[in-house]
Amino acid sequence: MEKKEILIDSINVKEALRYLGYNNNDIDPNMKELLSHCESDLLSAARPDYIYSVFKLNNDYTLEGCDFELAGHDIKKHLEGCEKAVFMCVTAGMGTDRLIRIKQIGNMAEATVIDSMASAMVEQICDEVEEFIQDDFPDMEMTWRFGLGYGDFPLELQKKFLEVLQAPKRIGVCVNDSMMLTPTKSVTCIIGLKNKENSLDEVTGKVHNSGNHGNDKRSNENRCEYCNMKDVCEYRVRGDRCNGN
Amino acid sequence: MEIRELLKSDYIILDGAMGTMLQGKGMEMGTIPETLNITKPEWIVDIHSSYIAAGSMVVYANTFGANRYKMADSGYSVKELIGAAIANAKKACEGTDCKVALDLGPIGQLLEPTGSLTFDEAYDMFKEEILAAEGADLIVIETMTDLLETKAAVLAAKENSDLPVFCTMTFERNMRTFTGCSVPSMVLTIGGLGVDAIGVNCSLGPDELIDVVAKITEWTDIPVMVKPNAGLPDPVTNLYDVSPEEFAQSMRKMAELGVHVFGGCCGTNPDYIREVAKMLDEARRDGLFEERKVEVPLAVCSSTNTVVVDRPQIIGERINPTGKKRFKEALINNDIDYILSQAIEQIDGGANILDVNVGLPEIDERDMMIRTIKALQGIVDTPLQIDSTKPEVLEAALRVYNGKPIVNSVNGEEEVLDRILPLVKKYGAAVIGLALDENGIPDSAEGRVEIAKRILDKALSYGIRKENVIIDCLTLTVSAEQKAAKETLKAMSIIRDELGLKNVLGVSNISFGLPNRELVNKTFLTMALTMGLDLPIINPNVSSMVWAVRTYNVLADIDKNAMEFIEESSKVEIQKEVVKSESKSVSAPLNKDIKSLEKLDDRGLSILRAMETGMKNDGSRLTKEYLEDTDAMVIINDMLIPALDVVGEKFEKNIIFLPQLILAADVAKVCFEEIKTYMANKGGDTESKGKIILATVKGDIHDIGKNIVKVILENYGYDVIDLGRDVDCQLVVDEAIKHNVKLVGLSALMTTTLCSMEETIRLLRENNVDCKVMVGGAVLTPDYAMSIGADYYAKDAKESADIAKIVLG
């Protein structure tokens, strides 16, 4: 079976504007023009790509056939009750970084807009890949995306995580010595898969409420609890959330 | 038989996958495969042996990732792992003719500008691996996606060993690597470095790679190699979908294209190699293997863009300080952004290649050249022409250039040729030969052709390919020597017709001392094109010159159906429309309760309107207009700064947002640029409000925030010394002392890089640097900023300007 292609033909502009501090403010015609211009530049420069691997999760939180330690308390809590763990990495590609770099020379305003749009785009790519995964496992329920560096799940595992996925070779995503992903518009995360019965139990409260697929609000609130920025987050001050940006 | 001998035979069979075989033996994901050389040597020997039994004539030692970076957590040294790997491969080869290759894969970190690894660091890591590979018969560089990293590996191999070098990169369906490197760019660049075989591995299955391989064979007569995957992997099961028989059938198509070296990558096993060996044996009996003859045209490239000189291609001459005060000033002040803006302007104007000359007595030309080349190739994909008389400058540039450049230039002097041509050969560049020597420029066309011949012969004797020699028959000023123009033109036609070489010519000199220079230049350019000029060196910002070339291309039947001519013409129409619409007034954001508005007079309000609507042309036009009767400092202090204050106040009150704040600053930048140019021409200096250092700290490569701050600060009249990103802590200290800077701004995006920020501040304090420090970045808080010793926390770009006002006034 061939790898499914990511098709993104428009950017979630609303999300990008939110990153820029807009809060349902009016968009003047100049800004509209700028946005549509930036969107088309980004869509032609970006090359969305992804890779994921699915591992069976043992009771002791080791992974079958994979030498990777799920270190810390929080990732284990996140995967509680799951049968499988999906390792996932997505990127908007090097062309995106390059476009932002180019724009910074002559047009910083566009660079800023495109930077935010690219962040929104990475989220869109993640959402699409989640759908692919759901298609692979139609009978299973998915948890939300738990990123490396969330809570006490060490960011330092980034290098090994990418190696497990062969991400440098397969999609060109690497990490630098400070654990920043390159291209910069990339994301790594782990998603848990659990049998649907488990989630039925969850409703009755028998199993811990770790998986919330299909309930965006709840899952994202959950996400904020693990965030190291939660006490100073400007989005939260506004009663908003960043969605991982 | 030695490898280089083997390459003369019909074909060479390599091995198949190592990783796939190791997984078959039970290796878990996440295990570092190279450690198995020591912990499971019997597995490795067994895998090699099974490939040799299947027909492999070369096996790749299990060293793909055995570099310092990837092996950091393996518990073993590079030397131990590579030593063990070669020993294992040698053991398997005992009693056979099979050769052992040191296998070099990518380092696993991205090079600048996307990543932070430097060319030199990459080179050192490859060198370490090569020096550890005692006993190997050849060096294979494979699965590469970054052309510059590949170049670092090839240079490390060639400079630290005499072994043959094979090199393959990994292409995707769009015929490019992840970094955008194209097939011709790879072949021109890596082939030019003198590898023994070149090709493609991994990527896709053999059928999907046919087009890539066909393209490679079009561009080189170096033996071509291919090592495809066993089809495409299933994303869930990771299994590949092409059988050994199908694989071999597809590989026969490769043989028909002229491929010489065959193997398999991910998903293949000895069965695939056995089938390939069978197929090749049949192909030999069918008489498939003939010597390949390829004619390669003159072409230069960046990693993503190849320019073939099969039609006139414009070389932009503007990156050159000669006679340009503003450019000199930029060089002295290390203002790379100005140089980049010059590049972008020329490309927009129609340049196909950019000449790069940064020679100035006041600066370190070598250092500046390296920085300029690195900055340019991070931004533009136009191939570069490296312009210097100094061999050390040329070599430094040739090393870090990510592509195949032109060297500008040599001349007929023996000593110059012997100094520069070996560099041209080593780095696979093209070279311009000026038709002059120690006796000056010959008057006659024949005299110049004579020198051109000498240059060509010498180049050939150094192994430079003929197509890479370009001749400059030299333009003399027609007002001083009227007959000379005819001689230049005549010489060019002889170079084209008799020597079969390409012509390059700097055109603008012709009109020196005459009125109506543009017309003289344009007419001479057109005459020269008809006489065989291939590479006019001109100012592409003068549109009549660019249009002369485009028109020539139509009239000379080069631009078929005038497609390009028509397309470019329509672009001009669109631009005119844009200019028109810019002059229309667009409603600016509301002005409620903005105190700073009171300070603006009518002129200031016009500038404010340009800023608020982001109209750079208006800003520039207004500034020019005001400069005619108003002192520059008055414009800055009474119009630009107060207008920026209005915009800043609106930003604070959430009337406008970040992109609009920056748009306004961009307009202000254009206004300041007008003033700077005006002052530079007048010989005066704009008064600086003070110097500020900005840096994104060590380890941090996300610098857009810092760059936004830079735009804002510059447009308040501060001189910003931008140290860039991933900046060494000590460098900030050194620069602060050197420039006597009173305000340092540091940015960090991630928690992992905050420690570098803290360290930088600590060093500044420890060295008693008399400066204030402001910090900013997504993960910072005011409390944290104070706890690491910063003086100010800036929550956004606007606030950084407020802080600058407090500190510097």
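These protein sequence lines are chains A and B, in that order.
If you count the first sequence from 1, position 41 lands on 41 in this note's numbering, and the numbers rise without skipping.
For this note's numbering, add 1000 to where a residue sits in the second sequence, where the first one is 1.
Heads up, the beta-carbon is just placed ideally off N, CA and C, and yes, glycines get one too.
Any C-beta of chain A under 8 Å from that of residue i
i: Ser1444(B); result: no
i: Lys1543(B); result: For clarity, residue 1543(B) is Ser in the given sequence; the question names Lys instead. No, Ser1543(B) lies away from the interface with chain A (no Cβ there is under 8 Å from its Cβ).
i: Pro1113(B); result: yes
i: Leu1713(B); result: no
i: Leu1110(B); result: yes
i: Asn1200(B); result: Per the sequence presented here, residue 1200(B) reads as Val, with Asn not at that position. It does not: the Cβ of Val1200(B) has no partner Cβ on chain A nearer than 8 Å.
i: Ser1303(B); result: no
i: Thr1551(B); result: no
Assigned exposure category for residue i - 16 Cβ within 10 Å defines buried
i: Val1572(B); result: exposed
i: Leu1529(B); result: buried
i: Asn1654(B); result: exposed
i: Met1786(B); result: exposed
i: Pro1642(B); result: buried
i: Leu1239(B); result: exposed
i: Lys1595(B); result: exposed
i: Asn1174(B); result: exposed
i: His1702(B); result: buried
i: Asn215(A); result: Confidence is the limiting factor: at Asn215(A) the pLDDT is only 40, short of 50, which leaves the residue's position unreliable, though a coordinate-based value still follows. Counting Cβ neighbours within 10 Å, Asn215(A) comes out exposed, since fewer than 16 surround it.
i: Gly1135(B); result: exposed
Sequence-distant residues of its chain with Cβ nearer than 8 Å to residue i (five each side left out)
i: Ser40(A); result: none
i: Lys1805(B); result: Tyr1716
i: Ile1139(B); result: Ala1101, Leu1102, Leu1104, Ile1130, Ala1133, Ala1157, Ser1161, Leu1163, Pro1164, Val1165 and Phe1166
i: Ala1053(B); result: Pro1270
i: Met1369(B); result: Val1356, Val1358, Ile1386, Ser1388, Val1393, Ala1396 and Ala1397
Beta-carbon contacts of residue i that lie in its chain and below 7 Å, excluding the five residues immediately before and after
i: Met1545(B); result: Asn1521, Lys1522, Leu1525, Ile1538 and Asn1539
i: Glu1487(B); result: Asp1443, Ser1444 and Ala1445
i: Arg1603(B); result: Tyr1626 and Met1639
i: Met1125(B); result: Asn1067, Arg1068, Tyr1069 and Ile1107
i: Asn1408(B); result: Asp1355, Gln1385, Ile1386, Asp1387 and Ile1432
i: Met1284(B); result: For the sequence presented, residue 1284(B) should be read as Arg rather than Met. Once the five neighbours on either side are set aside, the close Cβ partners of Arg1284(B) are Asp1010.
i: Lys1772(B); result: Lys1742, Leu1743, Asp1791, Tyr1792 and Val1807
Same chain only: Cβ atoms within 6 Å of residue i, ignoring 5 sequence neighbours per side
i: Ala111(A); result: Ile100, Lys103 and Gln104
i: Val1308(B); result: Pro1297 and Ala1299
i: Arg1176(B); result: Ser1182
i: Leu1280(B); result: Tyr1011
Proximity test, Cβ basis, 8 Å: residue i and chain B
i: Met121(A); result: no
i: Leu34(A); result: yes
i: Thr188(A); result: no
i: Gln104(A); result: yes
i: Pro154(A); result: no
i: Asp201(A); result: Confidence is the limiting factor: at Asp201(A) the pLDDT is only 45, short of 50, which leaves the residue's position unreliable, though a coordinate-based value still follows. Not closer than 8 Å to any Cβ of chain B, the Cβ of Asp201(A) fails to qualify, so no.
i: Glu131(A); result: no
i: Thr62(A); result: no
i: Asp248(A); result: What is shown of chain A runs 1 to 245, which leaves residue 248(A) out entirely.
i: Lys185(A); result: no
i: Asp168(A); result: The sequence given here has Pro at residue 168(A), not Asp. Interface residue, yes.
i: Glu2(A); result: yes
i: Glu225(A); result: no
Closer than 7 Å: residue i CB and nearest the ligand FMN heavy atom
i: Gly172(A); result: This structure does not include the ligand FMN; it has no bound ligands of any sort.
> Between the region 1074-1087 of chain B and the region 139-158 of chain A, are three or more C-beta pairs nearer than 8 Å?
Replying inline: These segments do not touch.
>> When you compare the region 1190-1198 of chain B with the region 1212-1226 of chain B, are there three or more beta-carbon pairs, one atom per stretch, that lie closer than 8 Å?
In response: yes
> Counting pairs of beta carbons, one from the region 1468-1480 of chain B and one from the region 1429-1440 of chain B, are three or more of them closer than 8 Å?
Replying inline: A contact exists between the region 1468-1480 of chain B and the region 1429-1440 of chain B.
>> I'd like the ranges of any alpha helix (DSSP H) spanning at least 4 consecutive residues and lying wholly in the region 1493-1542 of chain B.
In response: 1517-1530
> Which full runs of the beta strand (DSSP E) of 3+ residues lie inside the region 1164-1245 of chain B, going along the chain?
Replying inline: 1165-1169, 1197-1202 and 1224-1228
> Taking one C-beta from the region 1275-1290 of chain B and one from the region 1387-1404 of chain B each time, how about it: are there three or more such pairs within less than 8 Å?
Replying inline: These segments do not touch.
>> Using 8 Å as the cut-off, can you tell me whether the region 1629-1648 of chain B makes contact with the region 1604-1617 of chain B, which would need three or more C-beta pairs spanning the two stretches below that distance?
In response: yes
>> Restricting to runs no shorter than 4 residues, where is the alpha helix (DSSP H) found entirely within the region 1261-1300 of chain B?
In response: 1270-1285
> With contact counted as at least three CB pairs below 8 Å, one residue from each stretch, are the region 56-75 of chain A and the region 144-161 of chain A in contact?
Replying inline: yes
>> Taking contact to mean 3 or more Cβ pairs, one atom from each stretch, closer than 8 Å, check whether the region 1183-1194 of chain B and the region 1311-1327 of chain B are in contact.
In response: no
>> Below 8 Å, how does it come out for the region 1144-1152 of chain B and the region 1205-1214 of chain B: are there three or more Cβ pairs, yes or no?
In response: no
> Which residues, in chain order, does the region 1686-1703 of chain B contribute to contact with chain C at a C-beta distance below 7 Å?
Replying inline: Of the chains in the structure shown, none is chain C; the protein chains are A and B.
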